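In this note's numbering, the protein residues as written are 2 to 635.
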């Protein structure tokens with residue numbers, strides 16, 4: 002397309018983006034607008050300059066006109082500084098770069114909101130407005146959903162709209178008034194033939210996967226919806242988005258825009274997970290048909306922003322609750338899945354070693370990637386940020402339960418509840434809440450791994466290396482040998498002694514601490530056993546030395562006792578406590594890794610892990626998890 006300079010522009014035409022706000026602050030003037038804010042420093046008089054210039058910039062002006070309005074040629078440097086800073090923060094439209102002129106006043110009067118929105122969010126708003134007006138859009142579904150979407154799109158200037166519904170009579174009046182086309186749908190909820198040249202489609206489906214109707218089929222599976230969505234996407238030219246509107250008894254979901262089968266499956270998984278969140282929070286059911294109309298309107302807005310190229314990738318809206326609330330969410334758009342990869346734990350690579358080999362599919366023996374990079378473990382703050390995505394409302398497979406009524410002394414207890422996999426609620430512990438929260442996410446990832454076999458365990462870590470070490474330590478715990486059970490109490494740390502006293506307060510008057518080890522491994526394993534009436538408790542924990550391991554095992558038993566006493570159905574994960582791995586320094590982690598690898602080499606083994614399949618909604622997590630196995634070395 003040949004660039005066209007707007008007929009209203011001159012060499013120094015100036016126009017601010019909409020929604021530009023300003024206010025005096027002690028050291029200058031504060032400016033804010035779409036996506037930016039800054040302070041232009043200067044004397045108090047600067048606010049008066051802004052008060053004169055901003056309204057003129059919003060309407061469109063020139064530098065000379067601004068100087069004239071300020072009634073002094075000496076104001077020109079200030080005007081240039083103001084305009085320069087606004088432009089640097091992208092709060093000015095570059096009129097010289099536009100490829101289409103501003104629409105006539107009568108067009109702006111008809112579509113003021115749409116034009117203002119495009120001016121605020123895009124660099125070539127008027128050319129984009131022309132393309133949007135000509136965009137061909139198909140809206141498929143019941144009248145209660147497609148009509149609100151159609152009205153919103155028509156108000157935004159889109160006129161090439163086709164309504165497809167099973168009962169064309171329900172949309173006839175509105176279609177005639179707005180000048181829209183109407184077609185009937187087949188049993189699949191789509192026209193028998195799709196219109197040519199479509200730029201986008203809105204498609205309503207019920208929660209079980211069937212297309213929506215006045216009486217949706219109750220027995221169809223959720224996969225049917227993904228199949229229907231993927232089938233529609235396959236019939237469209239590459240890149241044409243489909244914005245689904247999902248109906249569910251618990252929630253309605255508008256979006257995200259779907260392109261291809263992977264994103265169709267993600268969309269179906271997302272509505273299922275959002276419904277699980279709503280059910281677990283006991284939010285009630287959104288009232289229909291009002292909720293369906295609201296979801297349709299939100300989907301129409303999302304479709305418009307998707308066509309304009311200004312929608313956040315993976316953006317969607319959840320409609321939920323008896324009082325009809327909405328909440329925007331976003332997920333990373335899914336990509337076609339890769340085959341699972343197998344990783345192997347080998348000795349710490351030298352500083353000048355070649356980069357780690359890329360991973361390959363599991364079945365081939367040559368597909369094992371060795372030498373996981375010894376990445377520095379994240380800080381507690383960084384790890385907590387990583388966990389947030391896994392526990393985000395509506396999209397996360399887990400949730401961080403408030404835990405306000407769980408005991409918090411001498412341990413910090415944190416509950417992680419399931420939102421997808423069926424493991425229930427797990428309680429993890431640490432010395433403070435951040436680490437307990439991170440440990441809870443890792444425990445939840447282990448709980449979603451395949452069932453353990455006699456030579457494999459579910460493992461998880463903040464890094465690839467930590468995940469493999471976690472699995473190796475869990476496997477090594479099975480045949481560690483006892484070397485001390487007397488006098489261990491004399492070497493306990495003050496914190497471990499606090500745990501022991503707390504056990505007595507919980508009714509576990511006596512307990513036994515046993516230390517175990519593997520020759521060639523500096524780390525120690527501790528086992529603590531205790532009884533209270535008919536209840537028995539066992540805690541296993543690895544640590545860099547005997548006292549640290551004993552403290553971990555005592556903490557595991559104490560957390561178990563406090564959780565059982567609290568009730569509520571939550572449980573402390575069984576197995577070995579390996580949280581000592583979480584925030585090791587680089588030297589300690591490298592030493593442990595080399596000892597574990599040497600121990601395996603001496604047995605003719607190698608520790609290998611298969612990375613857990615990506616989450617159906619969130620995709621690949623920043624944390625590592627999956628099954629780790631002791632394999633015969635090849």
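Every residue, glycine too, gets a C-beta built ideally from N, C-alpha and C.
Since the structure is predicted, the reported quantities are computational estimates derived from the model, not experimental observations.
First and last residue of the alpha helix (DSSP H) that includes residue 536?
-> Per DSSP, residue 536 belongs to no alpha helix (DSSP H); it is in the beta strand (DSSP E), 536-544.
Buried or exposed: where does residue 319 fall if 16 or more other Cβ atoms within 10 Å of its Cβ makes it buried?
-> Around the beta carbon of residue 319, a 10 Å sphere encloses 16 or more other beta carbons of the protein chains shown; the residue is thus reported as buried.
Can you name the residues that DSSP bridges to residue 205?
-> Paired residues: 246.
Are the C-beta of residue 66 and some C-beta of chain B separated by less than 8 Å?
-> Checking the listed chains, one finds no chain B in this structure; it contains a single protein chain.
From residue 368 to residue 613, what does the alpha carbon distance come to, in whole angstroms?
-> Caution applies to residue 368, whose pLDDT of 46 falls short of 50 and renders its modelled position unreliable; the value that the coordinates give is listed next. Roughly 16 Å separates the two Cα atoms.
Mind checking whether residue 255 and residue 243 have CB atoms under 8 Å apart?
-> Taking 8 Å as the Cβ cut-off, residue 255 and residue 243 do not qualify as a contacting pair.
Under three-state DSSP, which class holds residue 608?
-> Under the three-state reduction of DSSP, residue 608 is assigned to strand.
Which residues in the same chain have their Cβ closer than 6 Å to the Cβ of residue 293, if we skip the five residues on either side of it in sequence?
-> Same-chain partners within the cutoff: 145 and 146.
Under a three-way DSSP split, which group does residue 625 fall into?
-> Secondary structure at residue 625: strand, using DSSP grouped into helix, strand and coil.
Counting only the same chain and skipping the five closest in sequence on each side, list residues whose C-beta sits under 7 Å from that of residue 275.
-> So the qualifying residues of the chain are 252, 254, 319 and 395.
Go through its chain and collect everything with a Cβ distance to residue 605's Cβ below 7 Å, but skip five positions before and after it.
-> Cβ within range, chain order: 633 and 634.
Please confirm whether residue 611 and residue 447 have their CB atoms less than 8 Å apart.
-> No, these two residues do not count as a Cβ contact at 8 Å.
So residue 69 is in the alpha helix (DSSP H); what residue range does that whole segment cover?
-> It spans 64-71 - the alpha helix (DSSP H) in which residue 69 sits, taken as one unbroken run.
How many Å lie between residue 1 and residue 199 at the Cα?
-> In the structure as shown, the chain starts at 2 and stops at 635, and residue 1 therefore has no counterpart that could be examined.
Quick one: is residue 313 buried, meaning 16 or more other Cβ sit within 10 Å of its Cβ, or exposed?
-> That one is exposed.
Is DSSP giving residue 321 helix, strand or coil here?
-> Strand at residue 321.
Taking the CB atoms as reference points, tell me whether residue 597 and residue 391 lie closer together than 8 Å.
-> No Cβ-Cβ contact shorter than 8 Å links residue 597 with residue 391.
Determine the extent of the alpha helix (DSSP H) in which residue 55 is found, giving its start and end residues.
-> Segment 46-60, the alpha helix (DSSP H) holding residue 55.
Give the single residue among 297, 76, 466 and 308 whose Cα lies nearest to the Cα of residue 654.
-> The structure shown does not extend to residue 654, since the chain spans only 2 to 635, so no value can be given for it.
Nearest-angstrom Cβ-Cβ length linking residue 426 and residue 438, presumed shorter than 8 Å | That pair is no contact at about 14 Å.
Tell me the start and end of each unbroken beta strand (DSSP E) in the stretch 91-162 that is at least 3 residues and wholly inside, in chain order.
-> The stretch 91-162 contains these whole beta strand (DSSP E) runs: 137-141.
So what's residue 328 in DSSP terms, helix, strand or just coil?
-> DSSP places residue 328 in strand when its eight states are reduced to three.
Are there 16 or more other CB atoms within 10 angstroms of the CB of residue 142, so buried, or fewer, so exposed?
-> Buried is the call here.
Mind checking which residues open and close the beta strand (DSSP E) that includes residue 416?
-> For residue 416, the uninterrupted beta strand (DSSP E) run begins and ends at 413-419, by DSSP.
When you compare only the Cα positions, how much space is there between residue 538 and residue 505?
-> Cα atoms of residue 538 and residue 505: separation of roughly 13 Å, rounded to the nearest angstrom.
Whole alpha helix (DSSP H) runs in the stretch 252-312 with 4 or more residues, listed along the chain?
-> Under the rule that a run must span 4 or more residues, the alpha helix (DSSP H) segments found entirely inside the stretch 252-312 read 262-281 and 291-309.
Which of helix, strand or coil DSSP assigns to residue 567 | In the structure shown, residue 567 sits in a helix (DSSP, three-state: H, G or I).
Can you give me the start and stop residues for the beta strand (DSSP E) that residue 42 sits inside?
-> Element bounds for residue 42: 37-42.
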